[in-house]
Ligand code: THU
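In our numbering, the protein residues as written are 135 to 275.
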């Protein structure tokens with residue numbers, strides 16, 4: 135089994151670069167994300183806001199959906215960058231949880247300061263795919 139090495143400096147820089155594409159005319163809070171997958175590929179994302187506020191998508195989910203939409207479901211690490219090293223929102227934590235149980239997540243700012251958490255730290259006692267009772271669902275169908 136090969137293990138994908140995590141180059142945190144590169145992942146952080148890619149998230150900083152991705153943040154430059156943030157479309158945030160309403161909040162002015164720009165977020166960048168970079169997701170490393172098992173293939174070694176990095177998928178970047180930024181937040182994309184909308185005049186209908188609830189249609190906004192976070193940077194993390196942009197990156198995740200880009201990866202999943204081309205068949206990359208094995209996540210290795212993620213970097214998230216804001217001006218104030220803000221933590222990822224609950225919805226994004228749950229979306230990460232669908233594909234990874236203990237992803238290391240760098241939370242940083244644009245100056246390069248950061249902290250690394252695991253998803254379990256950010257989302258303890260979580261609900262995931264295996265939480266569904268497939269036996270029960272099978273009996274219904
Ligand atoms: N935002 C993200 O992109 N990721 C998060 O985890 C938190 C919030 C974005 C959504 C919105 O465009 C702006 O930050 C303010 O909430």
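Where a beta carbon is used, it is the ideal one built from N, C-alpha and C, also for glycine.
Because the structure is a prediction, the values reported are computed rather than measured.
Bridge-paired residues (DSSP) for residue i
i: residue 209; result: 171
i: residue 223; result: Partner(s): none; residue 223 has no beta bridge.
heavy atom of the ligand THU below 6 Å from residue i C-beta
i: residue 218; result: no
i: residue 163; result: yes
i: residue 258; result: no
i: residue 190; result: yes
i: residue 247; result: no
i: residue 193; result: yes
i: residue 183; result: yes
i: residue 234; result: no
i: residue 159; result: no
Residue environment, residue i, which counts as buried when at least 16 other CB atoms sit within 10 Å
i: residue 145; result: buried
i: residue 263; result: exposed
i: residue 215; result: buried
i: residue 223; result: exposed
Which listed residue (the options) has its alpha carbon closest to that of residue i
i: residue 227; options: 212, 257, 250 and 248; result: 257
i: residue 177; options: 265, 204, 157 and 255; result: 204
i: residue 253; options: 235, 183, 201 and 137; result: 235
i: residue 175; options: 185, 184 and 148; result: 148
i: residue 231; options: 243, 200 and 265; result: 265
i: residue 195; options: 185, 179, 141 and 183; result: 179
Inset, instruction - Check whether the region 148–168 touches the region 179–192, counting contact only when three or more Cβ pairs, one atom from each stretch, lie closer than 8 Å. - result: yes
Inset, instruction - Would you be able to state if there are at least three C-beta pairs under 8 Å between the region 234–241 and the region 202–213? - result: yes
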